[in-house]
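First up is the structure itself, then whatever we jot down about it.
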Amino acid sequence: MLMMVTGLPGTGKSTLCQRILNALGWKAGGFCTMPVIHEGKRIGFDLFPLEEGKRTPAGFPMARFKENGELKIDPDAFTVMGVKAIERSLKDKSECILMDEIGRFEKDIPAFLDGVWNAIVQKEIPVLVVLKKENLPFTGKVWSLEEGLHVDLDRMGREEAFQMALDYFKKEEKKR
Numbered sequence: 000m001l002m003m004v005t006g007l008p009g010t011g012k013s014t015l016c017q018r019i020l021n022a023l024g025w026k027a028g029g030f031c032t033m034p035v036i037h038e039g040k041r042i043g044f045d046l047f048p049l050e051e052g053k054r055t056p057a058g059f060p061m062a063r064f065k066e067n068g069e070l071k072i073d074p075d076a077f078t079v080m081g082v083k084a085i086e087r088s089l090k091d092k093s094e095c096i097l098m099d100e101i102g103r104f105e106k107d108i109p110a111f112l113d114g115v116w117n118a119i120v121q122k123e124i125p126v127l128v129v130l131k132k133e134n135l136p137f138t139g140k141v142w143s144l145e146e147g148l149h150v151d152l153d154r155m156g157r158e159e160a161f162q163m164a165l166d167y168f169k170k171e172e173k174k175r
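Position 99 of the sequence shown, counting from 1, maps to 98 under numbering that gives the first Met the number 0, and the rest follow consecutively.
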């Protein structure tokens, strides 16, 4: 079971995934990324592993803005913490794997992309993956998969997407 979600910023991709997890009562493993705000200003992004459906208290700095506005990516946040979170979800057979969000930050970190891909193509654990809406080779590869549910929140409403996702997962659960 695989659901891929995309859409422009602010369309509700992460919110949709959380609503689905709550509605199905699934405790997700995996990770989520969150902006880091300091004194009202976005200074970067952290990666938070998920354990038993809860975000760990401390995130790992994955990207920070330099003084010149350029974004500095820390590959270790992905190769160490991100990969570990995915592997733990697979090993522990989490109820679901959430990977929120995949995009340009990790495009040049093959070990992380391999971990994400392995989680996506395995068939034992349901996967919800949020894909940044960008023209990137890896996100394009994931989106082009024929199996699974493709949700583009720029093309459908949030409620329609939520209902469609619930129906999909309930139908797939019956097949298992």
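Cβ coordinates follow ideal geometry from the N, Cα and C atoms, glycine included. Quick caveat: nothing in here was measured; it's all calculated off a predicted structure.
Put residue i into one of helix, strand or coil per three-state DSSP.
i: Ile101; result: strand
i: Gly29; result: strand
i: Asp107; result: coil
i: Leu152; result: coil
i: Arg175; result: coil
Would you say residue i lies against chain D (beta-carbon separation less than 8 Å)?
i: Lys92; result: Protein chain content of the structure displayed is limited to a single chain, and chain D is not contained in it.
Measuring only the C-alpha atoms, how far is residue i from residue j?
i: Ser93; j: Lys53; result: 12 Å
i: Glu51; j: Leu112; result: 23 Å
i: Pro34; j: Asn117; result: 26 Å
i: Asp91; j: Val141; result: 24 Å
i: Lys131; j: Lys173; result: 30 Å
i: Phe161; j: Met3; result: 13 Å
i: Glu123; j: Glu171; result: 12 Å
i: Glu69; j: Thr10; result: 25 Å
Only counting the same chain, and skipping five residues up and downstream in sequence, which positions put a Cβ closer than 7 Å to that of residue i?
i: Asp151; result: Thr5 and Gly6
Please look up how many angstroms separate the CB atoms of residue i and residue j, rounded, as I've assumed it's under 8 Å.
i: Leu1; j: Gly28; result: Actually they do not touch by this definition, with Cβ atoms about 15 Å apart.
i: Ala96; j: Val126; result: Reading off the sequence, residue 96 comes out as Ile, not Ala. With 8 Å as the limit, Ile96 and Val126 qualify as a contact, their Cβ atoms being about 5 Å apart.
i: Ile85; j: Val115; result: 7 Å
If I measure Cβ to Cβ from residue i and keep anything under 6 Å in the same chain, skipping five residues before and after, which residues do I get?
i: Ile72; result: Ala62 and Phe104
For residue i, which residues of its own chain have a beta-carbon under 8 Å away from its beta-carbon, when the five flanking residues on both sides are left out?
i: Ser13; result: Cys31, Asp99, Glu100 and Val129
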